[in-house]
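Inspection log for the structure reproduced underneath, given as structure tokens.
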Ligand code: BDR
Ligand code: CA
């Protein structure tokens, strides 16, 4: 199985992805690290602990970033994920608590303990990965790979016309993380907007997930209303699950290799800028940015079928 650390801000679609990480036989979930984003940090940590408990698994949860590195934090948008991050679905009590180590330290220690083996999957704002890089820059050469859900190349944004939420919420952290020079794949809106998880899909998922299924279904129906009004679709885009889908089933995605950069201020704040490898007029500054892999398209039905089959 592929050992991963899952960095998350749960979040309705995060919860779906966490369920996958807990369930998939080929994924070894070493731990979850939490960040503010869809919710405040304490709520993110609470939800990560709860989801693991509902699945009956004892997974370490390390709490991380409470705010962006540089920009001023804006309040989490309660109409998307609800005040509690899980669609205001009434949640059972949590028994466990976060480990003492913070998220960045947990990432650094785990990666150093198993050099070349661990994949970091990050599906929230990227403060924890940026902090881990600062704590120990040598992890760049020691992770197996980094997969992030965030950004957009041709699709445009979902918080501004050009910016995707995870990048927009901490563009400075995103810039450091995406240009660190480690083997990285960006799974952004170009792929995730191709995937629609419909109510019939959720019914099947919930049926296979016991108590966790109730939370997944309850939160889904809240999240779905947002998609109905924002994109006019009946269902939700399972953004964060797409990062895991890429890891397990890269054949479902179209990718390109190229140079990536993140705009950190102005109207383009949070926009991911991409130039394919070998493009003419690259110029010296762009040539110096590290090469990454970017998903430009996905077999949406294939990804949704994979999610349903896994759960
Ligand atoms: C991303 O933003 C968050 O709201 C979701 O959980 C996902 O990680 C989509 O833009
Ligand atoms: Ca997320």
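Residue numbers (the working numbering): 196 to 506.
Ideal placement from N, C-alpha and C gives every residue a C-beta, glycine not left out.
In this text, all values refer to a predicted model and were calculated from it rather than measured experimentally.
- What's the gap between the Cα of residue 313 and the Cα of residue 258? 19 Å
- Task: Answer yes if the stretch 462-473 comes into contact with the stretch 435-449, meaning at least three C-beta pairs across the two stretches below 8 Å, and no otherwise.
- Result: no
- Query: So what's residue 468 in DSSP terms, helix, strand or just coil?
  - Reply: strand
- Nonlocal neighbours in the same chain, by C-beta distance under 6 Å from residue 331, ignoring five residues either side: Excluding the 5 residues flanking it on each side, residue 331 has same chain C-beta neighbours closer than 6 Å at 303, in chain order.
- Item | Opposing strand residues paired with residue 214 [DSSP bridges] | Partner(s): none; residue 214 has no beta bridge.
- Can you give the beta carbon distance from residue 256 to residue 210, rounded, assuming they're within the 8 Å contact cut? Rounded, the Cβ-Cβ distance is 14 Å, inconsistent with contact.
- Query: If you scan the stretch 384-408 from start to end, which runs of the alpha helix (DSSP H) of 4 or more residues do you find wholly inside it?
  - Reply: 384-387 and 394-402
- Assign residue 276 to buried or exposed, taking buried as 16 or more other Cβ atoms, counted over all protein chains shown, within 10 Å of its Cβ. buried
- Message: Tell me which residue opens and which closes the beta strand (DSSP E) that residue 448 is part of.
- Response: 448-457
- Is DSSP giving residue 223 helix, strand or coil here? strand
- Item | Start and end residues, alpha helix (DSSP H) containing residue 437 | 434-443
- Determine the contact status of residue 318 and residue 203, defining contact as a CB-CB distance below 7 Å. yes
- Query: Going by Cα to Cα distance, which pick from 422, 486, 412 and 208 is closest to residue 341?
  - Reply: Ranking the options by Cα distance to residue 341, first place goes to 486.
- Query: Taking Cβ to Cβ, would you say residue 260 is nearer than 7 Å to residue 322?
  - Reply: It is a contact, given that the beta carbons lie within the stated cut-off.
- Message: As an exercise, report each continuous beta strand (DSSP E) stretch of at least 3 residues that is fully enclosed by the stretch 245-298, in chain order.
- Response: List check, beta strand (DSSP E) in window: 256-258.
- Item | Minimum C-alpha distance to residue 498 - residue among 456, 474, 428 and 396 | 396
- Item | Cβ-based burial, residue 365 [other Cβ within 10 Å; buried from 16] | buried
- Rounded C-alpha distance that separates residue 240 from residue 339: 25 Å
- Message: Based on DSSP bridge pairs, tell me the residues matched to residue 340.
- Response: 314
- Query: Per DSSP, what kind of secondary structure is residue 196 in: helix, strand or coil?
  - Reply: coil
- Whole angstroms is fine: what's the gap from residue 422's alpha carbon to residue 311's? 39 Å
- Would you list the residues sitting across from residue 487 in a DSSP beta bridge? 453
- Item | residue 380: first and last residue of the uninterrupted beta strand (DSSP E) it sits in | 379-382
- Message: Just verifying my parser: in three-state terms, what is the DSSP assignment at residue 368?
- Response: helix
- Does DSSP put residue 493 in a helix, a strand or coil? strand
- Query: If you draw a straight line from the C-alpha of residue 228 to the C-alpha of residue 200, how long is it?
  - Reply: 7 Å
- Query: With DSSP run on the structure shown, which of helix, strand or coil describes residue 304?
  - Reply: helix
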